[in-house]
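Asks: Can you keep this structure in mind? I'll have questions shortly.
Protein chains in written order, with my numbering: chain D, 795 to 1080; chain P, 3 to 209.
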């Protein structure tokens, strides 16, 4: 049975991986390459790398990201013409993420779909919930309003040939209060292509809520940088809650561990830890 | 003899396949040259995108002749990935009816809308072995592989070595003698994928 994807988003600003809060404040994490390497080794299902401020990722950068990545790699960052798409895909990316170009140069979606297939494009929608209860689609790192509602833009992208939708909640970004489930429900009802939700994870249960609605992928950026083995502990938490929806096949799987209320792994009792001191785990050589 | 050649016809993430083989310390060469292809130790044919566009490129570049020479005449090992699985069939009923390689009986169809599931079929899914097979050696039914496709292959039971399920059961892997092909992406399926590529490489070495 198909599993819900646990997707890590690595946000890059001026060559540094960062955390984002409300699309306005950015805190540095470190090297994007190290982030990718660790996330991959922790068994993440897919990796998205987004270069901000419309800075196009260079072929050298994409090459380096791809070398360290054994799962599908999607790249975004000011992609608005077919030559940029070609360069990025030929450098090792599996998919490109189109965001502002959905508004400024939408034909790029159809061009890319024709050349590389729909599965190579993810349309990224930045949804902003205003006081009147409506979801607008913003672009340019959330600075500009488009003439579309978030849902209409997503549908438009689907019609243009996008293979998937990455739905970001600007309001929830960095809030740690969970995804915008109301937004997600609207999208799942309206669209025929797979949807990935992003923005607001602070606890593994937030992902559980979205998985229950039938989303294709749950994504988080900041969240996976908060702790070691974050991907694995989240997957363990989720497999405890819901059967047959999550892929957890890393050697470390936290079988038999408990969770704190805050969603983090509880440490083992001291005598168990003592007995682990001399436990040899040989590395599997494939 | 030559190396394992990763066939480049302009549609497919050849770099990812080579990256995966490099991690396994397996030598490979990316090539679109028919002479190199027809003299390879083995060939891997990745592919994403449209069937008819792929066939157009493959025929135009002289690659179909080269692959026929290598795989059908010389019977060297072959691994098709994703579109590479669909291309070896007889034909596809995609937007434009197109003939494939014709190496195995079978046709390519769109994933039906009646399943009510989003299309493309994208994500990690189980692959269930239907008969024991060298390509899946050491990989059990609990293993997952990454899929990303809107079309699937329908072919005779005798070639099917593994299935997967997305609304309906569909073909995940086939084998006909020296010809292997998989619907999923082993080069993007972390350890399961690396194990499969290692199995293929071992097959090539012991062939």
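The C-beta atom is built at its ideal place from N, Cα and C for all residues, glycine as well. Just so it is clear, the structure is predicted and the values come from calculations on it, not from any experiment.
Interface residues of chain P around residue 797 of chain D at Cβ under 9 Å?
Replies: Within 9 Å Cβ-Cβ: 125, 126, 127, 128, 146.
Asks: Which whole-angstrom value is the C-beta distance of residue 950 of chain D and residue 939 of chain D, which I expect to be below 8 Å?
Replies: That belief does not hold up - the Cβ atoms of residue 950 of chain D and residue 939 of chain D are roughly 16 Å apart, past 8 Å.
Asks: Are the stretch 93 to 111 of chain P and the stretch 126 to 136 of chain P touching, with three or more C-beta to C-beta distances below 8 Å?
Replies: The stretch 93 to 111 of chain P, when compared against the stretch 126 to 136 of chain P, does not touch it at the 8 Å Cβ threshold.
Asks: With 16 other CB atoms within 10 Å as the buried threshold, where does residue 822 of chain D fall?
Replies: Exposed.
Asks: For residue 1038 of chain D and residue 1005 of chain D, what's the separation of their Cα atoms in angstroms?
Replies: Each residue's Cα considered, the two are about 11 Å apart.
Asks: Run through DSSP, which three-state label would residue 47 of chain P get?
Replies: Of the three classes helix, strand and coil, the one that applies to residue 47 of chain P here is strand, per DSSP.
Asks: Can you list the residues of chain P that residue 1080 of chain D reaches, using a CB-CB cut of under 8 Å?
Replies: What residue 1080 of chain D touches in chain P: 26, 193, 196, 197, 200.
Asks: Less than 9 Å separating the beta-carbons of residue 78 of chain P and residue 180 of chain P?
Replies: Yes. Within cutoff.
Asks: Can you tell me which of D:931, D:1042, D:1059 puts its alpha carbon nearest to the alpha carbon of residue 799 of chain D?
Replies: Of the listed residues, the one whose Cα sits closest to residue 799 of chain D is D:1042.
Asks: Counting beta carbon pairs with one atom in the stretch 857 to 865 of chain D and one in the stretch 8 to 28 of chain P, are three or more of them shorter than 8 Å?
Replies: Touching, yes.
Asks: Under 8 Å from any heavy atom of the ligand ZN, does the C-beta of residue 27 of chain P make it?
Replies: Absence of the ligand ZN is noted for the structure shown, with no ligands found whatsoever.
Asks: The alpha helix (DSSP H) spanning residue 844 of chain D covers which residue range?
Replies: Taken as a continuous stretch (DSSP letters only), residue 844 of chain D belongs to no alpha helix (DSSP H), being part of the beta strand (DSSP E) at 840 to 845.
Asks: Between which two residues does the alpha helix (DSSP H) carrying residue 1035 of chain D extend?
Replies: 1024 to 1035 is the extent of the alpha helix (DSSP H) around residue 1035 of chain D.
Asks: With a cut-off of 8 Å, do at least 3 Cβ pairs link the stretch 1009 to 1016 of chain D to the stretch 1063 to 1072 of chain D?
Replies: The stretch 1009 to 1016 of chain D vs the stretch 1063 to 1072 of chain D: no contact.
Asks: DSSP three-state label for residue 1106 of chain D, please.
Replies: Chain D is shown from 795 up to 1080; residue 1106 of chain D falls before or after that span and cannot be answered.
Asks: Please state whether the Cβ-Cβ distance between residue 192 of chain P and residue 837 of chain D is less than 9 Å.
Replies: The answer is yes: Cβ separation under 9 Å.
Asks: Where residue 965 of chain D and residue 992 of chain D are concerned, what is the direct C-alpha to C-alpha distance, given to the nearest angstrom?
Replies: Computed Cα separation, rounded: 11 Å.
Asks: Under 8 Å, CB to CB, which of the residues in the stretch 982 to 1014 of chain D have a partner in chain P?
Replies: Correct list: 985, 986, 987, 988, 989, 1010, 1011.
Asks: When the distance is taken between beta carbons, is residue 205 of chain P closer than 9 Å to residue 195 of chain P?
Replies: No, the Cβ-Cβ distance between residue 195 of chain P and residue 205 of chain P is not below 9 Å.
Asks: Which class does residue 131 of chain P belong to by DSSP, given the choice of helix, strand or coil?
Replies: Three-state DSSP puts residue 131 of chain P in a strand.
Asks: List the residues that DSSP assigns as beta-bridge partners of residue 81 of chain P.
Replies: According to DSSP, residue 81 of chain P bridges with P:46, P:182.
Asks: What residue does the alpha helix (DSSP H) around residue 62 of chain P start on, and which one ends it?
Replies: That run of the alpha helix (DSSP H) goes 53 to 62.
Asks: Please report the straight-line C-alpha distance between residue 828 of chain D and residue 839 of chain D, rounded to a whole angstrom.
Replies: Each residue's alpha carbon lies about 17 Å from the other.
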